[in-house]
Amino acid sequence: MKQATPEFDVRIFGKVEVVEISGLPLASSKKLALFLDGTWNAVGTNTNVWRLRSLCADKDTEGRQQLRYYDTGVNGVIGGGWGKGLTEKVQEAYNWLVDNYEDGDQIFIFGFSRGAHTARSLAGFISICGLLKPGGALGVNQLYDRYRNDDDRTIYKLPTFDAQTMTLEERWMLKYSRPVAIEMVGVWDTVGALGVPAFSLAGISSSTLKFHHTGLRKPVRHGFHALAIDEHRAKFAPTPWTIRTKTGAPAASPMRAVESVEQRWFVGAHANVGGGCFNDTLAQIPLRWIMEKAANLGLAFRNELEMGGDEHLGAISDSYKEFLRGTYSWVKKRDYRPIAPEPFGDSTGTHTRVNETIDGSVFARWRDDSKYRPPNLAEWGKRKGVNPADIQSSIRANSPDIAAQ
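Under full-length UniProt numbering, the letters of the sequence shown match residues 1 to 405, in that order.
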């Protein structure tokens with residue numbers, strides 16, 4: 001009988017998993033880096049996903065190969081087209097991994113906006129179903145159907161069950177798929193239930209929406225999420241990683257260390273944080289943050305990112321006023337994203353955001369630009385009893401007295 005334990009939206013802790021996860025780098029191992037783009041800007045815009053892909057070197061510092069996969073993302077939403085498009089994008093990236101992965105390889109997945117949702121869905125697919133072995137009798141479509149069914153019996157947990165209770169599909173999954181670790185998921189400003197604004201989801205069924213697992217499960221060793229302080233479109237609300245403790249369940253385990261999972265706030269609107277605006281220096285800061293996190297985990301780059309020191313003073317895009325040629329502002333008020341809010345409850349349980357931090361460049365902007373006084377940051381400072389002007393470094397949003405690297 002299965003033991004009753006808490007379930008978490010992000011699966012940061014998960015239940016006991018006895019299957020060994022492949023992924024420790026070997027002397028001959030390589031790195032597989034997937035770059036999944038997809039914004040509301042035109043194809044070819046200079047997003048941070050595209051720039052990071054361009055910076056990624058062919059080999060690491062020890063001469064090991066680094067293979068890159070880049071996808072421009074889904075170009076639009078027409079009825080249920082986005083749900084179908086997301087499925088195709090996830091499966092295409094998954095197939096590339098099947099073709100290229102060997103035991104000991106390290107996997108890095110990056111994404112922005114809709115591509116951030118694709119990246120997180122791909123990580124969820126692998127975390128639940130593992131990675132197929134080449135040439136096996138089990139196909140990607142069949143395995144993806146299991147992913148859609150939201151079955152809690154993941155490839156990591158199946159060995160704990162009596163073999164007599166396993167379906168043929170489950171036995172095949174254990175035979176033809178394999179558990180693998182994902183070294184890092186790095187994303188910029190994931191928005192909406194499916195990485196798209198909510199108003200665009202008309203015609204997409206709830207069954208299409210619910211099966212995409214964008215949480216951060218245990219096989220993902222590191223997760224880093226850059227968030228935009230100055231995005232004011234309510235329909236572009238961020239999708240942070242959270243922990244869900246079911247009503248009546250035992251208290252959640254301690255969170256993973258901020259060194260492993262971090263969600264950091266930066267100056268700017270959605271495209272300032274993820275890149276794509278013309279002549280935008282603000283995007284340099286969250287790009288460097290994700291790049292440094294990846295480099296610390298072994299991903300090599302062709303050169304360092306040049307910084308002038310005044311990037312935090314770059315122009316902030318007024319996406320709210322510009323959206324839909326200004327018509328959006330006629331019918332919707334400006335929305336201010338809450339920073340480190342208190343846990344909130346609903347019919348499914350209590351939700352707690354995971355390891356929020358605020359970048360030091362935010363406080364530098366507050367000091368250097370007398371006009372920069374975002375209400376959500378001011379409210380956070382009042383709630384925490386701190387003056388943003390006095391903070392000299394990156395800090396943990398829930399504990400401003402603790403610095404964040």
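C-beta: ideal position from N, C-alpha, C; glycine also.
The C-beta distance from Ser177 to Arg221 rounds to 19 angstroms, too long to meet the 8 angstroms contact threshold. The residue from Thr47, Pro238 and Arg367 with its alpha-carbon nearest to that of Pro338 is Pro238. For the pair Gln91 and Val49, the CB atoms are not nearer than the 8 angstroms cut-off.
Taking all protein chains in view, the Cβ of Phe344 is surrounded by fewer than 16 other Cβ atoms within 10 Å, so the residue is classified as exposed. Taking a contact to require three or more Cβ pairs closer than 8 angstroms, the segment 127 to 142 and the segment 225 to 245 do not qualify as touching. When DSSP states are grouped into helix, strand and coil, Glu88 belongs to the helix group. Taking Trp366 as the centre and dropping the five residues before and after it, the same chain places the C-beta of Tyr372, Arg373, Leu377, Pro388 and Ala389 closer than 8 angstroms to its C-beta, in chain order. Ranked by Cα distance from His270, the options Ala294, Glu342 and Asp335 are led by Asp335. Residue environment for Trp330: exposed (fewer than 16 other C-beta atoms within 10 angstroms of its C-beta).
In this structure, DSSP gives Lys133 a state outside helix and strand, which the three-state scheme calls coil. In its chain, beyond the 5 residues on either side, Gln65 and Gln66 have a beta carbon closer than 8 angstroms to the beta carbon of Asp58. With respect to the 8 angstroms criterion, Gly73 and Asp37 are classified as neighbours on the basis of their beta carbons. For Gly223, the closest C-alpha among the options Glu231, Leu313 and Asp189 is that of Asp189. The DSSP-derived three-state label of Gly276 is coil. The beta carbon of Thr350 sits closer than 8 angstroms to the beta carbons of Arg244, Thr245, Thr247, Pro343 and Phe344 from its chain, once the five residues preceding and following it are set aside; these are given in chain order. Taking a C-beta distance under 8 angstroms as the contact criterion, Lys31 and Leu287 do not qualify as a contact pair.
In this structure, Leu52 sits near Met291, with a CB-CB distance shorter than 8 angstroms. Within the same chain, no residue comes within 6 angstroms of Leu168 by CB-CB distance, once the 5 residues on both sides are set aside. By the neighbour-count definition (other C-beta atoms within 10 Å, threshold 16), Phe35 is a buried residue. Residue environment analysis places Arg120 among the buried positions, since at least 16 neighbouring C-beta atoms fall within 10 angstroms of its C-beta.
By the beta-carbon neighbour count (other beta carbons within 10 angstroms, threshold 16), Gly268 is buried.
Here DSSP, grouped into helix, strand and coil, assigns Ile290 to helix. Around the beta carbon of Glu304, a 10 Å sphere encloses fewer than 16 other beta carbons of the protein chains shown; the residue is thus reported as exposed. Assigned with DSSP and collapsed to three states, Val49 falls in helix. Excluding its 5 nearest sequence neighbours in each direction, Arg153 has no C-beta neighbour in its own chain below 6 angstroms. With 16 or more neighbouring CB atoms inside 10 Å of its own CB, Ser319 falls in the buried class. For the pair Lys333 and Thr281, the Cα-to-Cα distance works out to about 27 angstroms. DSSP, reduced to helix, strand and coil, places Gly381 within a helical segment of the structure shown.
Under the three-state reduction of DSSP output, Trp330 falls in the helix class.
Secondary structure within the segment 295 to 363: the beta strand (DSSP E) runs of 3 or more consecutive residues, fully enclosed, are 344 to 346, 349 to 353 and 356 to 358 (chain order). Shown here, Val140 sits in a helix according to DSSP, grouped into three states.
In this structure, Glu170 lies away from Phe108, with their beta-carbon atoms at least 8 angstroms apart.
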